[in-house]
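Residue numbers (this note's numbering): 968 to 1406.
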């Protein structure tokens, strides 16, 4: 929110600090933990990341009606590595959102996003974020997919600066402990609670729990233990990228538990499911969000996963704006979007609305607006164009409540959104939605 007599980013305002020029930042040596649990020294950036003065300006055109541009922000995404399936959907959601924003424009100027690859690893994610903040001078970073990557970026690059960080996909409960790190997808603690309830309702009182050894896996596993009232007969971590997970599946089988819970990623779960099938192990499978995907179904034997239940963050599939988004996505890419595409889409629109309502294009100014553009006190808007129409020439962030294609956002004091969950059940080797849960 801003004072009524403070100049804002409208068509008659001179903007300073476009984020295109680099910003001089202080570097320090920070130790962070990557997704494999190894300690990696990184060169953390300090300073404002677009929040300080620069040598460039974004000025009005000669006619005084429109702003020149573009406004440049950054995105750290899993373009390669074990989370690349999510990253690809993120890129597609991002591109559709960019098209929607730039068709309307931010008070006459376009939005530009520089995408960098985290390689699904914390060290590479930190390097990508350092490049965006230190070299490109962006005041706003969307990122990342993996929770461990997002936390590493925040602790090594963002914390102590004015740069806004908004994760598109990270669900680890640990992120709740870092209020300065916003996220679009709901906390995984709601998934763990839902999984516990579903398994209990299905009549099981003993489970085998396999979880990936990083912030994401540790956080969801811990919440599951807290919520589960029965026996945990097997409870072991595993690393990413192993050539075989025979010890994991044999341990789960030997535990005697009839319900197996997987908190891991698609490639790792695919290997486990293949090895369990080839060894003739039988159990009822349950999983957190990141075990679901078309590649999993394509690379596991027909019928081997039937009956598996997965709890995953859900988009607002009943809303008209989501249905329009899904139709556009299918028309452009020949397949239906996932909730992860919707989260990436909403990250871009939220960033654009933050820019449109801020006093200036700096990290400090965007910190003041990024939460308010999705507050329930404002007028509900369902598209970027609708929001800009409501804002007019001199509206404020408090005037609008962007209801995303992923549903209500309304960041709380910890940077977590409201969110919804859906239950997917594998039937005839296809995912079928069999329920929804409000987060």
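Ideal Cβ placement from N, Cα and C applies to all residues, glycine included.
Residue interval of the alpha helix (DSSP H) (run including residue i)
{"i": "residue 1295", "result": "1287-1300"}
{"i": "residue 1059", "result": "1051-1071"}
{"i": "residue 1117", "result": "1114-1120"}
{"i": "residue 1330", "result": "1330-1336"}
{"i": "residue 1356", "result": "1351-1358"}
{"i": "residue 1263", "result": "1261-1265"}
{"i": "residue 1241", "result": "1233-1245"}
{"i": "residue 1312", "result": "1306-1324"}
Span of the beta strand (DSSP E), counted from its first residue to its last, around residue i
{"i": "residue 1254", "result": "1251-1254"}
{"i": "residue 1280", "result": "1276-1281"}
{"i": "residue 1369", "result": "1367-1369"}
{"i": "residue 1348", "result": "1346-1348"}
{"i": "residue 1376", "result": "Careful: residue 1376 lies outside any beta strand (DSSP E) and carries neither H nor E."}
{"i": "residue 1284", "result": "Where residue 1284 is concerned, there is no enclosing beta strand (DSSP E), given that its DSSP letter is neither H nor E."}
{"i": "residue 1038", "result": "1038-1044"}
{"i": "residue 1389", "result": "1387-1394"}
{"i": "residue 944", "result": "Residue numbering for the chain in the displayed model covers 968 to 1406; residue 944 lies beyond these limits and cannot be assessed."}
Exposure label - residue i; buried when at least 16 CB within 10 Å
{"i": "residue 1369", "result": "buried"}
{"i": "residue 1086", "result": "buried"}
{"i": "residue 1036", "result": "buried"}
{"i": "residue 1290", "result": "exposed"}
{"i": "residue 1083", "result": "buried"}
{"i": "residue 1304", "result": "buried"}
{"i": "residue 1138", "result": "buried"}
{"i": "residue 1181", "result": "buried"}
{"i": "residue 1261", "result": "exposed"}
{"i": "residue 1247", "result": "exposed"}
{"i": "residue 1362", "result": "buried"}
{"i": "residue 994", "result": "Low local confidence applies: a pLDDT of 28 at residue 994 is under 50, so the model's placement there is unreliable, and no value is given."}
{"i": "residue 1221", "result": "exposed"}
Sequence-distant residues of its chain with Cβ nearer than 6 Å to residue i (five each side left out)
{"i": "residue 1332", "result": "1325 and 1326"}
{"i": "residue 1236", "result": "1229 and 1258"}
{"i": "residue 1043", "result": "1083, 1085, 1092, 1095, 1096, 1110 and 1111"}
{"i": "residue 1080", "result": "1040 and 1042"}
{"i": "residue 1152", "result": "1136, 1138, 1280 and 1310"}
Residue i CB to nearest heavy atom of the ligand MG below 8 Å
{"i": "residue 1057", "result": "Among the components modelled here there is no ligand, and therefore nothing to report on the ligand MG."}
7 Å CB neighbourhood of residue i in its chain, flanking five on each side removed
{"i": "residue 1307", "result": "1053, 1056, 1057 and 1136"}
{"i": "residue 1378", "result": "1149, 1338, 1341 and 1384"}
8 Å CB neighbourhood of residue i in its chain, flanking five on each side removed
{"i": "residue 1382", "result": "1142, 1143, 1145, 1146, 1147, 1148, 1149 and 1150"}
{"i": "residue 1239", "result": "1177, 1212, 1215, 1216, 1229 and 1231"}
- Query: Okay, do the stretch 1218-1229 and the stretch 1247-1255 touch, 3+ Cβ pairs below 8 Å being the bar?
  - Reply: yes
- Which runs of the alpha helix (DSSP H), 4 residues or longer, sit entirely within the stretch 1198-1226? 1213-1221
- Query: Okay, do the stretch 1100-1110 and the stretch 1339-1348 touch, 3+ Cβ pairs below 8 Å being the bar?
  - Reply: no
- Message: With three or more C-beta pairs closer than 8 Å as the rule, is the stretch 1089-1100 touching the stretch 1058-1067?
- Response: no
- Task: Identify every run of the alpha helix (DSSP H) within the stretch 1095-1181, keeping only runs that are complete inside it and at least 4 residues long; order them along the chain.
- Result: 1114-1120 and 1155-1168
- Message: Across the stretch 1178-1196 and the stretch 1213-1220, are there enough close Cβ pairs to call them in contact, namely three or more that are closer than 8 Å?
- Response: no
- Item | At least three beta-carbon pairs within less than 8 Å, the stretch 1114-1121 to the stretch 1066-1081 | no
- Item | Segment contact flag, the stretch 1156-1163 with the stretch 1311-1321, C-beta cutoff 8 Å, min 3 pairs | no
- Task: For the stretch 1390-1397 and the stretch 1364-1379, state whether three or more C-beta atom pairs, one from each stretch, are separated by less than 8 Å.
- Result: no
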